[in-house]
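Protein chains in written order, with our numbering: chain A, 1 to 247; chain B, 248 to 548.
Read through the structure below, which is laid out as structure tokens, and then see the notes.
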Amino acid sequence: MAEDLVLDTAIRDWVLIPLSVVMVLIGVLRYFVGKLMRSSQTADEKIVKEGQLIIRARNLRAAANFIPAKSFRLRKAYYTNEENGLLHVPKGQATNPQAQMFSDPNMAMDMMKKNLSMIIPQTLTFAWVNFFFSGFVAAKIPFPLTQRFRAMLQNGIDLSTVDVSYVSSRSWYFLNLFGLRGLFSLILGDENAMDDTQRMMQMGGFGMDPTKSLSAEKDSMEIIQHEWALPKMGQRAEEVLRKFVKQ
Amino acid sequence: MVGASEESRLNCLEIQVDNGGGGAWEYLCLVRKLKARRSDKVLKHGLSILNDHRARSKLGGEEWTLYEQVAIAAMDCQRVDIAKDCIAELRKQFPGSMRVGRLEGMLLEVKGAWPEAEKAYQRLLEDNPLDQVIHKRKVAMAKAQGNASVVVEYLRKYLEIFMADHDAWRELAEIYVSLQMYKQAAFCYEELILCQPLVPPYHLAYAEVLYTMGGLENLQTAKMYYASTINLTGGKNTRALYGVCLCIAAINQLSKGRNKEEESSELQTLAAESLVKDYKLRAPVKLPLLTAALRNVKLVS
């Protein structure tokens with residue numbers, strides 16, 4: 001067993017604490033910069049309309065059995081007919097988001113702003129940490145861990161003999177980067193806290209195509225069967241009333 | 248919609264605040280959250296907070312929300328002077344704000360300056376054509392002027408974009424009923440049933456529209472929707488019980504000449520019995536009226 005390393009208190013004062021403070025400050029700063037750069041989103045009429053249309057079509061699908069067959073057929077035709085049905089997307093008109101992004105400079109601009117506020121401070125802080133604090137063992141976790149955690153906690157020091165519960169400075173940086181969400185939600189208010197993991201997930205979700213969901217909705221609309229639920233209601237109402245009268 | 252438990256909490260707080268027990272801000276917050284319309288109380292208590300420097304500064308940024316709330320309440324109570332002061336204060340704080348612009352439009356409405364208000368809203372819509380509240384204000388304004396056809400036009404324009412807004416559908420349905428355009432109203436109620444399939448008032452209203460339109464097919468459909476209302480309310484809806492009785496009577500009358508077999512009258516007699524029982528329980532004085540009415544449609548001998 002390796003002897004316990006004694007960490008200099010100077011490391012605590014000059015590495016551990018400054019690193020944490022800087023990470024928090026950068027998070028706050030980024031929040032305000034993002035707020036400054038955020039352009040007010042004016043929704044496009046077409047997109048709003050499509051969203052609402054999908055909700056309405058979904059309602060129809062879910063509750064189709066509650067309206068008379070005639071009304072249902074009317075609506076189905078209204079949504080899905082091949083000429084001018086609401087859900088019908090003419091071929092070739094389907095816009096793909098990539099092309100839309102190039103045609104609309106605002107969108108590209110927004111993307112860039114988002115990226116700027118995310119990537120630039122991250123690269124800078126990473127470079128800064130690497131330059132000043134590389135190779136420090138900055139902290140010790142008060143419980144033992146298995147070897148698997150070595151990659152997570154000792155990024156930047158390649159010594160297999162050091163006990164895994166020691167944390168390297170670069171790993172401390174990563175832990176802070178991903179783990180400060182709770183603190184931000186305290187400082188900045190609940191909705192404003194957005195840690196980087198979430199941001200990355202958002203990036204992944206970008207670029208869904210509304211016309212696709214329209215035509216999917218159309219397909220599922222076409223296959224539903226209408227079975228009017230109301231005729232059964234008469235009998236059930238009789239039962240209910242019988243109970244009511246007997247009471 | 249306000250749930251029963253929330254309403255009782257609101258009433259509790261109201262009594263507490265009225266008797267000087269404090270908690271005015273909580274009360275105002277709750278009113279805002281539940282979208283309750285208690286303008287006189289809001290005006291009284293909101294104004295007392297706004298006039299008290301210490302209480303006001305305690306609110307921090309929420310102060311401006313309170314200004315807005317009080318302004319709207321004041322307009323509701325026809326205290327144009329107070330509303331004007333509040334809006335002026337807000338305008339000073341937020342010079343280019345859309346929300347304040349909306350309030351200014353409403354102030355013009357209160358004064359009855361319809362053309363000016365219309366112009367103000369139009370200007371706001373140019374900046375942001377998708378503002379639902381302003382569209383709704385325009386509808387409300389047309390309604391206040393008693394201009395039903397304009398209301399219909401605005402609502403249809405609004406629903407073309409925001410077609411999943413069921414409150415707007417309900418408004419349109421009611422307007423259509425008042426204009427006696429039952430077919431259109433029926434369409435709107437169908438839309439509402441699709442939105443919220445288990446809300447009994449929509450079933451009831453749809454049945455009533457169908458019954459009013461008449462015709463054998465419509466009457467039969469109406470009967471089913473009355474039955475489903477009974478089903479959803481557990482037989483507690485008097486209107487639906489009456490509706491079933493009347494529907495079946497009308498159907499029998501229509502199909503008498505055509506030699507069809509009589510409608511199964513189980514539902515009908517049960518509905519009549521429930522009505523009698525309900526009246527006995529809750530309004531025994533009016534029982535003779537009921538039996539007379541039922542005798543008229545030959546449900547009781």
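Yeah, the Cβ is synthetic: ideal placement off N, Cα and C, and Gly gets one too.
These figures come from a predicted structure and were not determined experimentally.
Limits of the unbroken alpha helix (DSSP H) element including residue i
{"i": "A:S134", "result": "Neither: A:S134 is in no alpha helix (DSSP H) and is coded neither H nor E."}
{"i": "B:N394", "result": "From DSSP, B:N394 is part of no alpha helix (DSSP H); its letter is neither H nor E."}
{"i": "B:W311", "result": "E309 to D323"}
{"i": "A:E50", "result": "E45 to A63"}
{"i": "B:D332", "result": "V327 to Q340"}
{"i": "A:P18", "result": "I17 to M37"}
{"i": "B:F434", "result": "Y429 to C442"}
{"i": "B:C500", "result": "A small correction: the amino acid at residue 500 of chain B is Gln; Cys does not occupy that position in the sequence shown. It spans T485 to K503 - the alpha helix (DSSP H) in which B:Q500 sits, taken as one unbroken run."}
{"i": "A:I187", "result": "R181 to L188"}
{"i": "B:A364", "result": "W361 to D374"}
{"i": "B:M460", "result": "P447 to M460"}
{"i": "B:P531", "result": "No alpha helix (DSSP H) holds B:P531; DSSP gives it neither H nor E."}
{"i": "B:E476", "result": "The identity of residue 476 of chain B in the sequence shown is Thr, whereas the question assumes Glu. Element bounds for B:T476: L463 to T480."}
{"i": "B:S295", "result": "S286 to N298"}
{"i": "A:R12", "result": "No alpha helix (DSSP H) holds A:R12; DSSP gives it neither H nor E."}
{"i": "A:V162", "result": "Counting along the chain, A:V162 falls outside any alpha helix (DSSP H), and DSSP gives it neither H nor E."}
{"i": "B:V347", "result": "M345 to V357"}
Proximal chain A residues relative to residue i, where beta-carbon distance stays under 8 Å
{"i": "B:A549", "result": "Residue 549 of chain B lies beyond the stretch modelled for chain B, which goes from 248 to 548, so this question has no answer here."}
Under 8 Å by beta carbon: chain B residues contacting residue i
{"i": "A:P231", "result": "M471"}
{"i": "A:G234", "result": "K470, M471, A474 and L514"}
Under 7 Å from the C-beta of residue i: neighbouring residues of chain B
{"i": "A:V48", "result": "L377 and I408"}
{"i": "A:R56", "result": "M410 and A411"}
{"i": "A:L60", "result": "L441"}
{"i": "A:G227", "result": "According to the sequence as given, residue 227 of chain A is Glu; it is not Gly. Result: empty, since nearest Cβ-Cβ is about 14 Å, beyond 7 Å."}
Interface partners of residue i on chain A, CB under 7 Å
{"i": "B:I477", "result": "A237, V240 and L241"}
{"i": "B:P444", "result": "A63 and F66"}
{"i": "B:A517", "result": "Note that residue 517 of chain B is Leu in the sequence shown here, rather than Ala. Going along chain A in sequence order, the residues near B:L517 (Cβ under 7 Å) are E238, L241, R242 and V245."}
Three-state secondary structure (DSSP) of residue i
{"i": "A:V167", "result": "strand"}
{"i": "A:A248", "result": "Since the first residue of chain A shown is 1 and the last is 247, residue 248 of chain A is not available in this structure."}
{"i": "B:A251", "result": "helix"}
{"i": "A:H88", "result": "coil"}
{"i": "A:N115", "result": "helix"}
{"i": "A:Q147", "result": "helix"}
{"i": "A:F206", "result": "Because A:F206 sits at a pLDDT of 46, beneath the cut-off of 50, its placement in the model cannot be relied upon, and the following sentence gives the value as read from the coordinates. A:F206 falls in the coil class under three-state DSSP."}
{"i": "B:L426", "result": "coil"}
{"i": "A:F72", "result": "helix"}
{"i": "B:D525", "result": "helix"}
{"i": "A:D195", "result": "Its pLDDT being 48, under 50, A:D195 is placed unreliably by the model, and nothing is read from it."}
{"i": "A:S213", "result": "helix"}
{"i": "A:E82", "result": "coil"}
{"i": "A:D219", "result": "helix"}
{"i": "B:Q515", "result": "helix"}
{"i": "A:W228", "result": "coil"}
{"i": "B:G270", "result": "coil"}
{"i": "A:Q154", "result": "coil"}
{"i": "B:D414", "result": "helix"}
{"i": "B:I408", "result": "helix"}
Any non-hydrogen atom of the ligand PLP closer than 7 Å to residue i Cβ
{"i": "A:A139", "result": "Only the bare structure without any ligand can be found here, which leaves the ligand PLP out of the picture."}
Contacts that residue i makes with chain B (C-beta to C-beta distance below 9 Å)
{"i": "A:L53", "result": "M410 and A411"}
Beta-carbon neighbours of residue i, restricted to chain A and to distances below 9 Å
{"i": "B:G268", "result": "Per Cβ cutoff of 9 Å: no residues; B:G268 is ~30 Å from chain A at best."}
{"i": "B:G481", "result": "V240, K243 and F244"}
Residues in the segment 431-463 of chain B having any Cβ partner in chain A nearer than 7 Å: E437, I440, L441, C442 and P444
Interfacial residues, the segment 209-222 of chain A to chain B, with Cβ spacing under 9 Å: none
The segment 413-433 of chain B: positions lying closer than 7 Å to chain A by Cβ: none
Chain B contacts made by the segment 66-86 of chain A, where a contact means CB separation under 7 Å: F66, I67, P68 and S71
Against chain A: residues of the segment 328-350 of chain B by CB proximity under 8 Å: none
Members of the segment 519-535 of chain B that neighbour chain A once the beta carbon cut-off is set at 8 Å: E520, S521 and K524
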